[in-house]
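Written out below as structure tokens is the structure these notes cover.
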Amino acid sequence: MDASLSEWLTDPMCVLQGRKSAGVPPRRLDLEKEVAELQRMLHDEEKVHEILERALLPQNALLTLPISGLLPKKSFLELGMPSNPEMALGLKNKAALNVGGHKLNALAIKHLILKQSSNSNEDDWKVHKDDKEMVPKDYGLEQSNPNIVFALCSGCKSSPAVRIYTADGVVGELEKSKMDYLQASIAVTTTKRILIPHLLHSNMHDFARDSDSLVDWIVNQLPASWPLRKSMLECLKGRTAAKISHTMDVIPNDSEFQYLVPM
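For the sequence shown, the UniProt record's numbering gives the first residue as 1, with consecutive numbering after it.
Next comes the structure, spelled out in structure tokens:
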């Protein structure tokens, strides 16, 4: 497979898999099989810096999505695969590049550029104090699309799938990522309990006021024809708005290493 880092940033599925096909369901990607190739692609640090500096210009801010996924992969290759959630967080802090005078790691990109709030495990993420104020201003990124949460793949089982985003279609592509994630991650049990992933629950304030309104928001996102929506409405039948969350359970985050790639 002869692919450059620039090509990988543009089309990660093509480079990682060496092929593309339509209509095949998402499957697990064993990244270790591609370690040798990724090491070859990432060895040229000067080229990485050049691509990132170009990508992080305000007009090209979209490319921070694949870059935020690139940095953890880079740390996995250089420092080894994480064996527990704490080690994974440490690797995200260590995977950093100096881009236009700002030393950015994967978590800094997530929080400062993509505007995602930290969860309890990420409260200690490290970034220079000045960067917290200057990075969003320098890159003209004071606002963000809340659907970005469905585009951030951190390399664990609970993450959304890895996807390709384009400048012209990013709004619609983020919407599709949201719908695919809701369909794949929410479930209704035979005992009429609604199971919601930790990722969605921990970011609920991007979409709703509280747990009750979050369930209502989810129902309103789903097409009327989807069986999932019908099952959720059946669970909520006869309940007042104040008791909606009584039917909800949160699925814990699964930090086991995995990249899910739509093919």
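Glycine included, every Cβ here is placed at the ideal spot set by N, Cα and C.
- Residue environment for leucine 236: buried (at least 16 other C-beta atoms within 10 angstroms of its C-beta).
- Taking a cut-off of 8 Å for Cβ pairs, the region 181-190 and the region 223-234 touch, as three or more such pairs fall below it.
- Distance from the CA of tryptophan 226 to the CA of histidine 246, rounded to the nearest whole angstrom, comes to 23 Å.
- The residue from Cys153, Glu256, Val250 with its alpha-carbon nearest to that of serine 202 is Val250.
- The straight-line gap separating the alpha-carbon atoms of lysine 157 and glycine 172 is approximately 24 Å.
- At a Cβ-Cβ threshold of 9 Å, proline 160 and cysteine 153 count as neighbours.
- Each residue's CA atom was taken as its position, placing valine 170 and arginine 193 some 34 Å apart.
- Beta-bridge annotation (DSSP): aspartate 249 is paired with Leu195.
- A straight line joining the alpha-carbon of leucine 228 with that of tyrosine 165 spans about 27 Å.
- By the 16-neighbour rule on beta-carbons within 10 angstroms, proline 223 is exposed.
- Apart from sequence neighbours up to five positions away, the residues of its chain that approach proline 252 with a beta-carbon distance below 8 Å are His198, ordered along the chain.
- Annotation: histidine 102 to leucine 182 spans about 35 Å, alpha carbon to alpha carbon.
- The shortest CA-to-CA distance from leucine 174 to any of Phe150, Glu256, Ile196, Asn105 is the one to Phe150.
- Bridge partners of phenylalanine 257 according to DSSP: Cys156.
- When C-alpha distances from threonine 191 are compared across Met204, Met248, Asp168, the shortest belongs to Met248.
- Ranked by Cα distance from arginine 239, the options Asn220, Asp212, Gln221, Leu104 are led by Asp212.
- Around the beta carbon of leucine 195, fewer than 16 other beta carbons sit within 10 angstroms, so the residue counts as exposed.
- For alanine 187, the three-state secondary structure derived from DSSP is strand.
- Residues Asp210, Ser211, Leu214 of the same chain have their beta carbon placed closer than 8 Å to that of methionine 204, with the five preceding and five following residues left out of the count.
- By the neighbour-count criterion, in which a residue is buried when 16 or more other Cβ atoms sit within 10 angstroms of its Cβ, alanine 96 is buried.
- Within a 10 Å sphere around the beta-carbon of alanine 167 sit fewer than 16 other beta-carbons, which makes this residue exposed.
- Annotation for isoleucine 244: no alpha helix (DSSP H) segment contains it, and DSSP assigns it neither H nor E.
- Annotated three-state conformation of tryptophan 217 is helix, per DSSP.
- Between the alpha carbons of phenylalanine 257 and asparagine 84 lies a distance of about 9 Å.
- Between the C-alpha atoms of lysine 176 and isoleucine 218 there is a straight-line separation of about 14 Å.
- Boundaries for serine 225: no alpha helix (DSSP H) harbours it, and the DSSP string shows neither H nor E there.
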